[in-house]
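First to last, the protein sequences are chains A and B.
Start counting the first sequence at 1; every next residue gets the next number (full-length UniProt numbering).
Start counting the second sequence at 1; every next residue gets the next number (full-length UniProt numbering).
Glycine included, each C-beta is placed from N, C-alpha and C at the ideal position.
Only a predicted model underlies this, so the values are computations on that prediction, with no experimental measurement involved.
Report on the following structure.
Number of protein chains: 2
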Amino acid sequence: MLKRIGTLGPMPETRWLDEEEQQTWRAYIWTNHLLWEALERQLQRDWGIPHAYYIMLVCLSESPERMMSMTQLASVTQFSASRLSHAMSRLEEKGWVRRVKHDEDRRTTMAQLTDAGFEALEKAAPGHVEEVRRLLFDRLSRTQMRQLHDVLVTVLSALEAAEQQDGDQAATWLRNPSSSG
Amino acid sequence: MLKRIGTLGPMPETRWLDEEEQQTWRAYIWTNHLLWEALERQLQRDWGIPHAYYIMLVCLSESPERMMSMTQLASVTQFSASRLSHAMSRLEEKGWVRRVKHDEDRRTTMAQLTDAGFEALEKAAPGHVEEVRRLLFDRLSRTQMRQLHDVLVTVLSALEAAEQQDGDQAATWLRNPSSSG
DNA sequence: CCGATGCGCTTGAGCATTCAACTACGATCA
DNA sequence: TGATCGTAGTTGAATGCTCAAGCGCATCGG
Numbered sequence: 001m002l003k004r005i006g007t008l009g010p011m012p013e014t015r016w017l018d019e020e021e022q023q024t025w026r027a028y029i030w031t032n033h034l035l036w037e038a039l040e041r042q043l044q045r046d047w048g049i050p051h052a053y054y055i056m057l058v059c060l061s062e063s064p065e066r067m068m069s070m071t072q073l074a075s076v077t078q079f080s081a082s083r084l085s086h087a088m089s090r091l092e093e094k095g096w097v098r099r100v101k102h103d104e105d106r107r108t109t110m111a112q113l114t115d116a117g118f119e120a121l122e123k124a125a126p127g128h129v130e131e132v133r134r135l136l137f138d139r140l141s142r143t144q145m146r147q148l149h150d151v152l153v154t155v156l157s158a159l160e161a162a163e164q165q166d167g168d169q170a171a172t173w174l175r176n177p178s179s180s181g
Numbered sequence: 001m002l003k004r005i006g007t008l009g010p011m012p013e014t015r016w017l018d019e020e021e022q023q024t025w026r027a028y029i030w031t032n033h034l035l036w037e038a039l040e041r042q043l044q045r046d047w048g049i050p051h052a053y054y055i056m057l058v059c060l061s062e063s064p065e066r067m068m069s070m071t072q073l074a075s076v077t078q079f080s081a082s083r084l085s086h087a088m089s090r091l092e093e094k095g096w097v098r099r100v101k102h103d104e105d106r107r108t109t110m111a112q113l114t115d116a117g118f119e120a121l122e123k124a125a126p127g128h129v130e131e132v133r134r135l136l137f138d139r140l141s142r143t144q145m146r147q148l149h150d151v152l153v154t155v156l157s158a159l160e161a162a163e164q165q166d167g168d169q170a171a172t173w174l175r176n177p178s179s180s181g
């Protein structure tokens, strides 16, 4: 009967994955691995950047004046501040991006896509999209694609909620340090 | 009318992603990013290893005598020989794995899970599985999970075929060097 | 039996990322 | 005004990965 309360116990029995879940999980890992490697390789080979950098360029290109603060960019890409800073330095060396100090709040740095960066992105996009299409969408029927979309959105909203909650917990812990005083 | 022949032309028009595809793709990137980060962080925090190393340990644990040649392991994990070699060195330092020279073919090295490695894996597995369940399977109905599984298998088989084909092309190019002689 | 070719694996350099400081600026409140 | 705290971003060390080169063993053709 104790098993009934499951995760409430101090050392609950592990809820192992059943056969179907196991297969799904391994298919997920494997698919993701192959798909991601292929995309990374293509971008690295043709344009000398990892996919993460491509995302940064896309985000900037879609922003007014092709410009965002580092913090905003970190937020939309979900990268750490440090990762972003290092990445910006690399992209700056390539001349695809520049840092501009904000006038009013002199702490914030604006990341801006240069003209050269925009052109590079325009040239890189077709090959990348073609690869995504070839490896993923060309293989799926519309129905399958919509199923995938719905599943992803379901998982995603849960993940975002979980992250939000983690954030709240951290904030709560900061606001209410009852354990230390 | 020329647009009709699409990819047959030398510089075909880019087949951009339509709205639904775009949304699906971004949901995919985003979901994957959050899910993967969470898993990596959990394994790194609790056990000091990346997910890739966990996979290696699992593969070894499921193999007879908890042992495979480096090449076999590289094949089932789909890691490069180099990546595997570096990873083995790290896991060796932790005492979770050992290298054993093969007697008959002295080129091949056998990778073996040590008892300590097996114990570590046994301890790490519940937390990892719990995380996978919490972040993914707990959010999905059986129907959704099966849809996801089917979509993944579809994409996966295509990816494997593509890779096979790339391999064949390379092999063909090697076997039939008509361009150089 | 020996030279050429191929296989299995390792190595080292270079890049991306993380984590933990750290700097510099801004806001708040006494 | 100035101490304190929070915010924005950078830096450097450590780790993991890729790519290219290399080393030793096996195999095959003469």
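For residue 54/B, none of the residues of chain A pass the 7 Å Cβ criterion, the least Cβ distance being about 11 Å. Cβ-Cβ separation between residue 74/A and residue 81/A: approximately 5 Å, consistent with a contact (criterion under 8 Å). Within the model, the alpha-carbon separation for residue 111/A versus residue 62/B is close to 48 Å. Contact of residue 153/B with chain A by beta-carbon distance below 7 Å involves 27. Of the residues assessed, residue 102/B falls on the exposed side of the cut-off, its CB having fewer than 16 other CB atoms within 10 angstroms. The Cβ neighbour count for residue 147/B, taken over all protein chains shown within 10 Å, is at least 16; the residue is labelled buried. In this structure, the CA atom of residue 46/B is about 11 Å from the CA atom of residue 39/B. Residue 113/A holds the alpha-carbon nearest to the alpha-carbon of residue 64/A among 113/A, 161/A, 29/A. Taking CB atoms only, residue 40/A has no neighbour in chain B less than 8 Å away. In the same chain as residue 67/B, and ignoring 5 residues on each side of it, the C-beta atoms closer than 8 Å to its own belong to 60, 100, 110, 111, 112, 113, in chain order. In this model, residue 132/B and residue 106/A are separated by some 42 Å (Cα to Cα).
When DSSP reads this structure, residue 98/B sits in a beta bridge with 112/B. Chain B has a Cβ within less than 8 Å of the Cβ of residue 145/A.
Between the C-alpha atoms of residue 128/B and residue 57/B there is a straight-line separation of about 13 Å.
Chain-order list of chain A residues neighbouring residue 45/B: empty, with the shortest C-beta distance near 13 Å, by a criterion of under 9 Å. Shown here for residue 77/A: same chain residues with a beta carbon closer than 8 Å to its own, the five before and five after excluded, namely 52, 55, 56, 59, 84 in chain order. Judged by their CB atoms, residue 145/A and residue 93/B are not nearer to each other than the 8 Å cut-off. In the structure shown, the three-state DSSP call for residue 75/A is helix.
Judged by DSSP in its simplified three-state form, residue 80/B adopts coil rather than helix or strand.
Residues of the stretch 76-98 of chain A with a C-beta atom less than 8 Å from some C-beta of chain B are 78, listed in chain order. The straight-line gap separating the alpha-carbon atoms of residue 98/A and residue 70/A is approximately 11 Å. The alpha-carbon separation between residue 95/B and residue 115/B amounts to approximately 9 Å. For residue 138/B, same chain residues with a beta-carbon under 6 Å away, outside a window of 5 residues either side, do not exist. Take the alpha-carbon of residue 154/A and the one of residue 135/B: they are about 11 Å apart.
Put simply, the backbone Cα of residue 104/A is about 40 Å away from that of residue 18/B. For residue 48/B, same chain residues with a beta-carbon under 7 Å away, outside a window of 5 residues either side, do not exist.
Residue 25/B counts as buried, since at least 16 other C-beta atoms from the protein chains shown sit within 10 angstroms of its C-beta.
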